[in-house]
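Visitor:
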Amino acid sequence: MSLTSIVKALSSLLVIVSAMMLLIPIIDIMTGRPISTPFLIVGSVVLIPSLLISKKLTAGELTSYEAIATAATSWLVIPLISAIAMSLELKLPFIDMYFESLSGFTGTGFSVIPDLRPLKPSIIFWRSLMQWSGELGIVVFAVAILPHVYKVVTRVYLVERGKLTETIVSTAKMIIAIYVVYTLLGLIAYMATGMTFYEAINYIMTTIATGGMAVYNDSLRTIYLRAPLVIYPVMIFMVLGAFNFNDLRYLLRAMLRKLKESPELRPFLILLAIGSLLTVLA
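In short: position in the sequence shown from 1, add 266, done, that's the numbering used here.
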């Protein structure tokens, strides 16, 4: 097993995550809040060496075993970086913030933060961004954005996602495009039915990721009481979030015959209908 190849691949993923962390102080400036210094420091400290390692370190393509090891390690290391910044920023126990970050990046959606009201908009946004990027896959960003690590992270990508097109890079770019389009459609739908931009951008990221972390302590209730129609696009995009990327592509291109032939979609919709009916009758 080549440790060099694993380190290079992992560094490329950390470049993406640390760059995302630097968005938080920018949002603080935009919203007129005190800058989140821990995110600025941790993001910078991780970004610079990770970028140098990913560009300068010479390594061959990962074997299947190394790719699996890298993918597994990334799901432990990436939340660790986030947890350090969140723990310092919120002054909450590190283990709690590690749980929060792991829950976010894996799209689980469980939260251990007792009260969301004191949180700055940037931190709420970070929780949503963790779910959005985690569901899409940090490795997808790495393949699409960092061409110098393409050969190294190729097998990591195949562990995380399949191929939709001829090449892995074009597949990664297509997946990002599909994800962004549905996110924008959801953003528009949420705002059209009563959400503010701040609420809509956070909720569509957690909805399409099928995560569940919320802006308010009572989740959607605060919004539903003033804008009851919002529940309908939320339900639609929760269902769409459960589709695989192939089916989302077929739907986006109105390829209804292909969509009908999907081996996953019909059983999923049947189970969803049965589960919904049982919930209503319970």
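Don't be surprised by glycine CBs; every beta carbon is placed ideally from N, CA and C.
Because the structure is a prediction, the values reported are computed rather than measured.
Have a look at residue 376 and residue 462 and give me their C-alpha separation to the nearest angstrom.
Guide: The sequence position of residue 376 within the sequence shown is 110, counting from 1. The sequence position of residue 462 within the sequence shown is 196, counting from 1. If you take the alpha carbons of residue 376 and residue 462, they lie about 24 Å apart.
Visitor: Taking the straight line between their C-alpha atoms, what separation do you get for residue 365 and residue 460?
Guide: Locating residue 365 in the sequence shown gives position 99, where the first residue counts as 1. Locating residue 460 in the sequence shown gives position 194, where the first residue counts as 1. The straight-line gap from Cα to Cα measures roughly 32 Å.
Visitor: Out of 473, 514, 269, 391, which has the shortest C-alpha to C-alpha gap to residue 288?
Guide: In the sequence shown, the residue the question calls residue 288 occupies position 22. Residue 288 has its Cα closest to that of 391, out of 473, 514, 269, 391.
Visitor: Measuring only the C-alpha atoms, how far is residue 294 from residue 385?
Guide: The count along the sequence shown starts at 1 and reaches residue 294 at position 28. The count along the sequence shown starts at 1 and reaches residue 385 at position 119. Going by the C-alpha atoms only, they are around 12 Å apart.
Visitor: Between the Cα of residue 383 and those of 488, 268, 341, spot the shortest distance and give me the residue it belongs to.
Guide: Here residue 383 refers to the residue found at position 117 when the sequence shown is read from its first residue. Per the Cα distances, 488.
Visitor: If residue 467 sits next to residue 507, beta carbons under 8 Å apart, how far is it from one beta carbon to the other, in whole angstroms?
Guide: Residue mapping note: residue 467 aligns to position 201 of the sequence shown, counting from 1. Residue mapping note: residue 507 aligns to position 241 of the sequence shown, counting from 1. Contact flag wrong, Cβ pair sits at about 15 Å.
Visitor: May I ask you to report which of helix, strand or coil DSSP gives residue 499?
Guide: Against the sequence shown, residue 499 aligns to sequence position 233. Of the three classes helix, strand and coil, the one that applies to residue 499 here is helix, per DSSP.
Visitor: Please state the DSSP three-state secondary structure of residue 309.
Guide: Position 43 of the sequence shown, counted from the start, is the residue given in the question as residue 309. Here residue 309 sits in helix by DSSP.
Visitor: What's the C-alpha gap between residue 396 and residue 346?
Guide: Within the sequence shown, residue 396 is the residue found at index 130, counting from 1. Within the sequence shown, residue 346 is the residue found at index 80, counting from 1. Whole-angstrom Cα-Cα distance: 12 Å.
Visitor: Starting from the Cα of residue 337, find the closest Cα among 277, 389, 284 and give me that residue.
Guide: Position 71 of the sequence shown, counted from the first residue, corresponds to residue 337. The shortest C-alpha separation from residue 337 is found at 277.
Visitor: On the CB-based measure, 16 or more other CB atoms within 10 Å of its CB, does residue 275 come out buried or exposed?
Guide: Taking the sequence shown and counting its residues from 1, the one referred to as residue 275 is at position 9. Classification of residue 275: buried, given that the 10 Å Cβ count is 16 or more.
Visitor: When you compare each of 399, 458, 400, 283 to residue 494 by their alpha carbons, which one comes out closest?
Guide: The sequence position of residue 494 within the sequence shown is 228, counting from 1. Per the Cα distances, 458.
Visitor: Just to confirm the assignment: which complete alpha helix (DSSP H) runs, minimum length 4, are found wholly within the region 342 to 383?
Guide: List check, alpha helix (DSSP H) in window: 360 to 371.
Visitor: Thinking C-alpha only, which one of 280, 525, 477 is nearest residue 510?
Guide: Within the sequence shown, residue 510 is the residue found at index 244, counting from 1. When each option's Cα is compared against that of residue 510, the closest is 525.
Visitor: Where does residue 527 fall in DSSP's three states?
Guide: Locating residue 527 in the sequence shown gives position 261, where the first residue counts as 1. Reduced to three states, the DSSP call for residue 527 is coil.
Visitor: For the alpha helix (DSSP H) containing residue 292, name the first residue and the last one.
Guide: Sequence index remark: in the sequence shown, residue 292 carries index 26 (1-based). Looking at the DSSP string, the run of the alpha helix (DSSP H) that includes residue 292 is 289 to 297.
Visitor: Roughly how many angstroms separate the alpha carbons of residue 374 and residue 403, rounded to a whole number?
Guide: Along the sequence shown, read from residue 1 onward, the residue named residue 374 stands at position 108. Along the sequence shown, read from residue 1 onward, the residue named residue 403 stands at position 137. Taking the straight line from one Cα to the other gives about 14 Å.
Visitor: Using 7 Å as the threshold, is the C-beta distance between residue 513 and residue 531 below it?
Guide: Within the sequence shown, the letter at position 247 stands for residue 513. Within the sequence shown, the letter at position 265 stands for residue 531. The answer is yes: Cβ separation under 7 Å.
Visitor: Specify the secondary structure class of residue 519 as computed by DSSP and reduced to three states.
Guide: Walking along the sequence shown from the start, residue 519 turns up at place 253. Note: residue 519 maps to coil in three-state DSSP.
Visitor: Given a cut-off of 7 Å, decide if residue 304 and residue 354 are closer than it, judged by their beta-carbon atoms.
Guide: As a working note, residue 354 is residue 88 in the sequence shown. As a working note, residue 304 is residue 38 in the sequence shown. Going by C-beta atoms, residue 354 is nearer than 7 Å to residue 304.
Visitor: What residue range is occupied by the uninterrupted alpha helix (DSSP H) comprising residue 468?
Guide: Here residue 468 is taken as the residue at index 202 of the sequence shown, counted from 1. Taken as a continuous stretch (DSSP letters only), the alpha helix (DSSP H) holding residue 468 covers 463 to 474.
Visitor: Pick out whichever of 299, 298, 445, 344 has its Cα sitting closest to the Cα of residue 282.
Guide: Locating residue 282 in the sequence shown gives position 16, counting from the first residue. When each option's Cα is compared against that of residue 282, the closest is 344.
Visitor: Helix, strand or coil: how does DSSP classify residue 387 here?
Guide: Numbered from 1 along the sequence shown, position 121 holds the residue referred to as residue 387. Of the three classes helix, strand and coil, the one that applies to residue 387 here is helix, per DSSP.
Visitor: For the alpha helix (DSSP H) holding residue 490, just list the boundary residues, first then last.
Guide: As a working note, residue 490 is residue 224 in the sequence shown. Its alpha helix (DSSP H) spans residues 487 to 492.
Visitor: Would residue 310 be called buried (16 or more neighbouring beta carbons within 10 Å of its own) or exposed?
Guide: For this step, residue 310 is matched to residue 44 along the sequence shown. Residue 310 is exposed by the Cβ-count criterion.
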